[in-house]
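Residue numbers (the working numbering): 962 to 1190.
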């Protein structure tokens, strides 16, 4: 897969650049992409620059807008696969969408070029990505379960129906409850779970909501907000 192949342009060429922190710089990504395009005789029609952590949602990272706007025959160029997702599962999902839309895709550091056609080479790449994503999913699942066991072993209650409703005590208890769930929620977010899917998974594995019942979406959103504070 090493050594990006020259692509034939039939539609727009879009460059997608993202850095995770303010300390990082988009300049290096711009240079790499412009150098590649100059070598291949490609003109960039649009450059999307995002300075945002990979922990943010696909919508915040403009991935959803990017996938919606790309059309058959367009080309998407990025410096590396990790720019497209916070996990391999999410990257594979994004690449699959590009293939379905017949969008050409180039990842420079990995030397990957997908020609926008569902041919044998593309199928082999997706099979390999999917296998790696499955392995990653299994590893993260194990870490999530281990985090849950560790939290319980340390005496952290994952769902306490008897917390005081006094303001200060309530806020302190709510924060402690949120922190006790951090290992579990971080594991689910790393797998690319949506908030609704996280609610279903918490209920499935038997983690109770703060007051002892099943989780609802609004409860999860309150917990996630506290963890971001």
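Just so you know, even glycine gets a beta-carbon here, dropped at the ideal spot from N, CA and C.
So, does the region 1019 to 1036 touch the region 990 to 997, judging by three or more C-beta pairs under 8 Å?
Between the region 1019 to 1036 and the region 990 to 997 there are fewer than three C-beta pairs closer than 8 Å, too few to call the two in contact.
Quick check: residue 1068 and residue 1039, are their CB atoms within less than 7 Å of each other?
Translated into the one-based positions of the chain shown, residue 1068 becomes position 107. Translated into the one-based positions of the chain shown, residue 1039 becomes position 78. Contact: yes.
Please list the terminal residues of the continuous beta strand (DSSP E) segment that includes residue 994.
Translated into positions along the chain shown, residue 994 becomes position 33. Segment 988 to 1001 is the alpha helix (DSSP H) holding residue 994; no beta strand (DSSP E) there.
Return helix, strand or coil for residue 968, following the three-state DSSP convention.
Residue 968 sits at position 7 when you count from the first residue of the chain shown. In this prediction, residue 968 has a pLDDT of 49, which is less than 50 and means its spatial position is unreliable; nothing more can be read from the coordinates.
Looking at residue 1033: is its Cβ nearer than 7 Å to the Cβ of residue 1063?
In the chain shown, the residue the question calls residue 1033 occupies position 72. In the chain shown, the residue the question calls residue 1063 occupies position 102. A contact, by the Cβ cut-off of 7 Å.
Does DSSP classify residue 1174 as helix, strand or coil?
Working through the chain shown from its first residue, we reach residue 1174 at position 213. Note: residue 1174 maps to coil in three-state DSSP.
Across which residues does DSSP place residue 979 in a beta bridge pair?
Within the chain shown, the letter at position 18 stands for residue 979. DSSP, once it has assigned bridges, lists 1011 as partnering residue 979.
Pull up the DSSP beta-bridge partners for residue 1055, would you.
As a position in the chain shown, residue 1055 is number 94, starting the count at 1. Secondary-structure assignment with DSSP links residue 1055 through no beta bridge to anything.
Sort 1084, 1081, 1144 by Cα distance to residue 1111 and report the nearest one.
If you number the chain shown from 1, residue 1111 lands on position 150. Nearest C-alpha to residue 1111: 1144.
One question on the structure: do residue 1076 and residue 1065 come within less than 7 Å of each other, judged by their Cβ atoms?
On the chain shown, position 115 is the one that residue 1076 refers to. On the chain shown, position 104 is the one that residue 1065 refers to. Yes; because the gap between Cβ atoms is below 7 Å, this pair is in contact.
Judging by CA-CA distance, which residue of 988, 1182, 1180, 974 is the nearest neighbour of residue 1001?
To locate residue 1001, count along the chain shown from 1; it is residue 40. It is 974 whose Cα lies nearest to the Cα of residue 1001.
Quick one: give me the first and last residue of the alpha helix (DSSP H) that residue 1160 is part of.
Sequence index remark: in the chain shown, residue 1160 carries index 199 (1-based). Following the DSSP letters along the chain, one finds residue 1160 inside the alpha helix (DSSP H) bounded by residues 1156 to 1165.
Would you mind sorting residue 1165 into buried or exposed? The rule is 16 or more other CB atoms within 10 Å of its CB.
By one-based count along the chain shown, residue 1165 stands at place 204. Answer is exposed; the Cβ neighbour count stays below 16.
Taking the beta strand (DSSP E) that residue 1037 belongs to, which residues open and close that run?
Against the chain shown, residue 1037 aligns to sequence position 76. Note, residue 1037: beta strand (DSSP E), 1036 to 1039.
Nearest-angstrom Cα distance between residue 1178 and residue 1004?
As a working note, residue 1178 is residue 217 in the chain shown. As a working note, residue 1004 is residue 43 in the chain shown. Near 45 Å, if we compare the C-alpha coordinates of residue 1004 and residue 1178.
How about residue 1188 and residue 1139: are their beta carbons less than 7 Å apart?
The residue labelled residue 1188 in the question sits at position 227 within the chain shown. The residue labelled residue 1139 in the question sits at position 178 within the chain shown. Yes, Cβ-Cβ distance for residue 1188 and residue 1139 is below 7 Å.
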